[in-house]
Amino acid sequence: MLVSVVIPTYNRLPILQQCLRALEAQLPLDPGDDFEVVLVDDGSTDGTVEWIQQEAAELPHVRLICQEHGGPAIGRNLGVDHANGEVIIFIDSDLVVVPDFLQHHLRSLRQAWQRDGDRLCFTYGAVINTHNFESPESEPHKLSDLSWAYFATGNVAIDKTVLQESGLFDPSFQLYGWEDLELGERLRRMGVRLVRCPAAAGYHWHPPLNLEQVPELVRKERERAKMGLVFYKKHPTRRVRFIIQFTIWHRLLWELLTLGGLLNERSLRPLLAWLIRRGHPGVAMELLRLPLNRISVVAMQREAQAAGIA
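Residues 0 to 309, numbered by numbering that gives the first Met the number 0, are exactly what the sequence shown covers, in order.
Encoded structure:
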C-alpha cells in the first residue's frame with residue numbers, strides 16, 4: 000500500500016529541511032508498503048523551491064507541487080489531488096517525525112480497519128512542541144502538548160477515499176486558523192472515528208518568543224477571529240461556539256484573567272522582556288496567551304455584531 004504524506008509549506012526552509020530529512024530516514028515499512036511526500040510550496044520566497052530542486056537526489060520520495068500563495072487549505076487540497084497514495088498523512092512543514100512514524104500510523108490504521116470492518120477512522124499522532132532547533136527530538140512530552148482537537152492536520156492519517164467523501168478543506172478559509180477543525184466537524188458527522196496513535200510522534204518546532212514576534216501574533220489572532228466566524232456560519236452549533244470561544248463565558252473569562260484588558264501585549268512587555276532575558280521564553284509565551292485570547296474573543300464579537308450574527 001502506498002501512503003502519501005502531504006505537506007504545505009511557506010517560507011520555512013530551515014526547519015523544512017529537517018522535516019524532509021526525517022521522512023527520508025524512516026525505518027523500512029512492512030512488505031508491500033511504500034510512501035511518497037507531496038510537498039506543496041505556497042509561493043515561498045526563501046529559496047525553498049530552489050533547495051528542493053538542488054537536493055532532489057537526496058530526497059527521492061519528495062514530489063514538489065507549486066502554487067501561488069493561497070493558504071494551507073488550498074495547498075492541502077492540491078496535495079491530495081496530486082497524491083497517489085491510498086492513505087493520506089497530513090503534517091506541517093515544521094514537524095520533525097520519529098524514525099518509525101509511518102510504521103505506527105499504518106499499523107494503527109490497519110488494526111482499526113480490521114477491528115471495525117470499515118475505514119471510517121483516522122489516526123492522530125502525538126505532537127510535541129519544542130524550541131530546540133538543533134535537536135528537536137530531545138524534547139520530552141509535556142502536559143501542555145496534549146490536544147483536545149478532534150482533527151488537526153499537524154499529524155493525522157486517513158483513508159484517501161474517506162477524506163474525499165468529506166469534501167476536503169474549505170478554500171474559504173484563506174486566513175489563519177480553523178480550516179482543519181472545520182473539516183474535522185464534517186468527518187465527525189460522517190461517523191469517522193478518532194484513533195489515538197501517540198507512538199507516531201512528531202516534534203513541532205517553533206522559535207522561542209521574542210518581542211519582535213508580538214505584532215505578528217496579534218495579527219494572527221485577529222485573522223483567527225474572522226475564520227472562527229466562517230467556521231460558525233457553516234456549523235452554527237453550541238459545540239462550535241465553544242470550540243472557537245464565541246460565548247459570553249469565554250468573554251468573561253478572558254476579561255477576568257486580563258483585568259479587563261489592563262494586562263495586554265503592551266503593558267506586559269517589560270515582564271515578557273525580563274522573562275526572555277532570564278531564559279524563560281516558554282513562560283513568557285504562556286503569559287502572552289492571556290491577552291492574545293482576549294484579542295481573538297473581542298475581535299470575533301465585533302465581527303459578529305458587524306455581520307449581524309447573534
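Positions of the beta carbon are idealized from the N, C-alpha and C atoms, including for glycine.
Since the model is a prediction, treat every value here as computed from it, not as a measurement.
Cβ of residue i within 6 Å of any heavy atom in the ligand NAP?
i: Leu-186; result: Looking for the ligand NAP in the displayed structure turns up nothing, as the structure carries no ligands at all.
Whole angstroms is fine: what's the gap from residue i's alpha carbon to residue j's?
i: Ala-224; j: Trp-50; result: 35 Å
i: Leu-108; j: Leu-261; result: 49 Å
i: Gly-24; j: Leu-228; result: Here the sequence assigns Ala to residue 24, which means Gly is not the residue at that position. Going from the Cα of Ala-24 to the Cα of Leu-228 covers about 41 Å.
i: Gly-317; j: Leu-289; result: In the structure as shown, the chain begins at 0 and stops at 309. Residue 317 is therefore absent and cannot be evaluated.
i: Arg-237; j: Ala-309; result: 12 Å
i: Cys-311; j: Ile-294; result: The question about residue 311 has no answer, for the chain in this structure spans 0 to 309.
i: His-60; j: Asn-292; result: 40 Å
i: Gly-31; j: Pro-98; result: 18 Å
i: His-279; j: Asn-131; result: 13 Å
i: Arg-106; j: Ala-21; result: 19 Å
i: Ser-137; j: Gln-304; result: 46 Å
i: His-140; j: Gly-307; result: 43 Å
i: His-103; j: Val-4; result: 14 Å
i: Asn-209; j: Pro-269; result: 12 Å
i: Phe-241; j: Pro-13; result: 36 Å
Just grab the DSSP bridge partners of residue i for me.
i: Tyr-149; result: Bridge partners of Tyr-149: none, in fact.
i: Gly-124; result: Cys-196
i: Ser-3; result: Glu-35 and Ile-87
i: Thr-8; result: Asp-40
i: Arg-223; result: DSSP, once it has assigned bridges, lists no residue as partnering Arg-223.
In terms of alpha-carbon separation, which member of the options lies closest to residue i?
i: Arg-11; options: Glu-54, Thr-47, Ala-200 and Asp-29; result: Thr-47
i: Glu-181; options: Glu-220, Lys-232, Pro-206 and Gln-113; result: Lys-232
i: Glu-264; options: Val-282, Glu-220 and Val-213; result: Val-213
i: Val-79; options: Phe-168, Gln-244 and Arg-293; result: Phe-168
i: Arg-187; options: Phe-150, Leu-256 and Asn-292; result: Phe-150
i: Leu-19; options: Glu-57, Gly-176, Asp-29 and Pro-27; result: Glu-57
i: Gly-74; options: Asp-41, Asp-45, Gly-116 and Arg-106; result: Asp-41
i: Leu-267; options: Ile-14, Met-284, Glu-254 and Gly-166; result: Met-284
i: Phe-100; options: Asn-76, Asp-29 and Ile-275; result: Asp-29
i: Val-126; options: Asp-91, Trp-112, Leu-119 and Arg-114; result: Asp-91
i: Gln-173; options: Cys-65, Lys-219 and Leu-1; result: Lys-219
i: Met-299; options: Phe-230, Ile-6 and Trp-273; result: Phe-230
i: Gly-116; options: Val-191, Asp-93 and Gly-176; result: Val-191
i: Thr-44; options: Phe-34, Asn-76, Ala-55 and Tyr-9; result: Tyr-9
i: Arg-118; options: Glu-85, Asp-93 and Ser-146; result: Glu-85
If you follow the beta strand (DSSP E) that residue i is part of, which residue opens it and which one closes it?
i: Asn-131; result: Looking at the DSSP string, Asn-131 is not in any beta strand (DSSP E), and its letter there is neither H nor E.
i: Val-282; result: Unbroken run through Val-282 is the alpha helix (DSSP H), 280 to 306; no beta strand (DSSP E).
i: Val-155; result: 154 to 158
Going by beta carbon distance, what residues of the same chain come within less than 6 Å of residue i, once the five residues before and after it are set aside?
i: Pro-135; result: Val-95, Thr-129, Tyr-202 and Trp-204
i: Gln-110; result: none
i: Val-155; result: Phe-89, Phe-121 and Tyr-123
i: Glu-184; result: His-234
i: Leu-38; result: Ile-6, Val-61 and Leu-63
Let's see if you can read the secondary structure: which residues bound the alpha helix (DSSP H) around residue i?
i: Trp-204; result: Counting along the chain, Trp-204 falls outside any alpha helix (DSSP H), though it belongs to the beta strand (DSSP E) covering 192 to 204.
i: Asp-91; result: Neither: Asp-91 is in no alpha helix (DSSP H) and is coded neither H nor E.
i: Val-79; result: 71 to 81
i: Val-61; result: Unbroken run through Val-61 is the beta strand (DSSP E), 61 to 65; no alpha helix (DSSP H).
i: His-103; result: 100 to 115
i: Trp-248; result: 247 to 256
i: Phe-241; result: 237 to 243
i: Pro-269; result: 268 to 276
i: Val-48; result: 47 to 53
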